[in-house]
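K.L.:
Before we start, here is the structure in question, set down as structure tokens.
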Amino acid sequence: MTEAAAPLTVAATVRAMRRAGAAGMPVPAAQVESWARNFMIHLYGPQKPVRLECRPRHTVEPWIQAEDADVVHALRRGLEVRALYLHPKVEKPTKAHRFRDGNCRDCGDGEFYAGPNCEPPTPPPDSRAALPFDPTWFRAPLEALIHIATHRFIGVADSMKWKSEARYLLERLDHYDKETK
């Protein structure tokens, strides 16, 4: 390949590299150097960080706006510095926090360390939901239990408990029947 002046744009550099590859001939080191220099100048040279952020090294504290002295003396101050080249998008919270007495009512996070989204913890799974057997065997005994509890042959508290448990299990049986059909 003949040595020509370095292409002016990144697209022209890529075209020249493709032509050289298609020719199948060895490319001189000076030409590769000019391509690399062109990439470095056009892709990385003009970029200036929009914002510099820092935080103490080996922590998970939030990033804060870095001052010039923080960047210059980052090692001495034990700071980790990062440069952002694009403006960060403002996160629109999917669910806003509802604070009362310094804590969110839904997720329980404190006001000083809560993130932009309120993410309540998932409720624990109901241990009664697993059905590792044929549940239709229990329909008649559960209906009989509800009948017994309704006529209050047992104490009021026990009656309420057995009725609610039996109704829950019957609802789960109906749901199971719908899923399996």
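When we follow this note's numbering, the leftmost residue of the sequence shown carries the number 60, and every step to the right adds one. Backbone N, C-alpha and C define an ideal beta-carbon position, used for all residues, glycine too.
1. Ends of the alpha helix (DSSP H) at R226?
2. From what residue to what residue does the alpha helix (DSSP H) around L102 run?
3. A133 and C113: beta carbons closer than 8 angstroms?
4. Residues in its own chain within less than 7 angstroms of L204 by CB, not counting five upstream and five downstream?
5. Straight-line CA distance for D129 to K151?
6. So if DSSP puts A115 in a beta bridge, which residue, or which two residues, is it bridged to?
7. So, V131 versus L111, is the Cβ gap smaller than 8 angstroms?
8. With DSSP as the reference, identify every bridge partner of F158, one or two as the case may be.
9. So, for A142: in the same chain, excluding its five sequence neighbours on each side, which residues have a beta-carbon less than 6 angstroms away from its beta-carbon?
10. Would you grab the beta carbon distance between P179 and C166 for me? Rounded to a whole angstrom, and I think it's under 8 angstroms.
11. Does A225 have its Cβ less than 8 angstroms from a Cβ in chain C?
12. On a Cα-Cα basis, can you pick out the residue from I207, V91, A173 that is closest to A155?
13. For A89, count the other beta carbons within 10 Å of its own beta carbon; 16 or more makes it buried, fewer makes it exposed. Which is it?
14. For T61, collect the residues of the same chain with a Cβ closer than 7 angstroms to its Cβ; drop the 5 residues on either side in sequence, then sort them by chain order.
15. Just reading off the alpha helix (DSSP H) that D127 is part of, what are its end residues?
16. Using DSSP bridges, identify the partner residues of A169.
P.N.:
Taking the coordinates as given:
1. On the sequence shown, position 167 is the one that residue 226 refers to. 215-239 is the span of the alpha helix (DSSP H), which, as asked, contains R226.
2. Here residue 102 refers to the residue found at position 43 of the sequence shown. Element bounds for L102: n/a, residue is neither H nor E.
3. Your numbering for residue 133 matches position 74 in the sequence shown. Your numbering for residue 113 matches position 54 in the sequence shown. Yes, the pair counts as a contact, with Cβ atoms nearer than the cut-off.
4. Numbered from its first residue, the sequence shown carries residue 204 at position 145. Non-local beta-carbon contacts of L204 in its own chain, meaning distances under 7 angstroms to residues more than five positions away in sequence, involve W221, A225 in chain order.
5. As a position in the sequence shown, residue 129 is number 70, starting the count at 1. As a position in the sequence shown, residue 151 is number 92, starting the count at 1. A straight line joining the alpha-carbon of D129 with that of K151 spans about 30 angstroms.
6. Mapped onto the sequence shown, residue 115 falls at position 56. Correcting the residue identity first, residue 115 is Pro in this sequence and not Ala. P115 pairs with L138.
7. As a position in the sequence shown, residue 131 is number 72, starting the count at 1. As a position in the sequence shown, residue 111 is number 52, starting the count at 1. Contact flag unset, no.
8. Position 99 of the sequence shown, counting from 1, holds the residue named residue 158. F158 has C163 as its beta-bridge partners, per DSSP.
9. The residue labelled residue 142 in the question sits at position 83 within the sequence shown. Its chain contains P108, L111 as the residues whose beta carbon lies nearer than 6 angstroms to that of A142, once the 5 sequence neighbours on both sides are disregarded; these appear in chain order.
10. Start at 1 with the first residue of the sequence shown, and residue 179 comes out as number 120. Start at 1 with the first residue of the sequence shown, and residue 166 comes out as number 107. Contact flag correct, Cβ pair sits at about 5 angstroms.
11. Although the question refers to chain C, the structure presented lacks it and comprises just one protein chain.
12. Translated into positions along the sequence shown, residue 155 becomes position 96. Checking every option, the nearest Cα to that of A155 belongs to A173.
13. By 1-based counting over the sequence shown, the position of residue 89 is 30. Exposure of A89 is indicated by the presence of fewer than 16 other C-beta atoms within 10 angstroms of its C-beta.
14. For this step, residue 61 is matched to residue 2 along the sequence shown. Its pLDDT being 49, under 50, T61 is placed unreliably by the model, and the measurement read from it follows with that caveat. Short of 7 angstroms from the beta carbon of T61, and not among the five residues preceding or following it, lies no beta carbon of its own chain.
15. Within the sequence shown, residue 127 is the residue found at index 68, counting from 1. Where D127 is concerned, the enclosing alpha helix (DSSP H) starts and stops at 127-131.
16. Position 110 of the sequence shown, counting from 1, holds the residue named residue 169. Checking the displayed sequence, the identity of residue 169 turns out to be Gly instead of Ala. Beta-bridge analysis with DSSP links G169 to N162.
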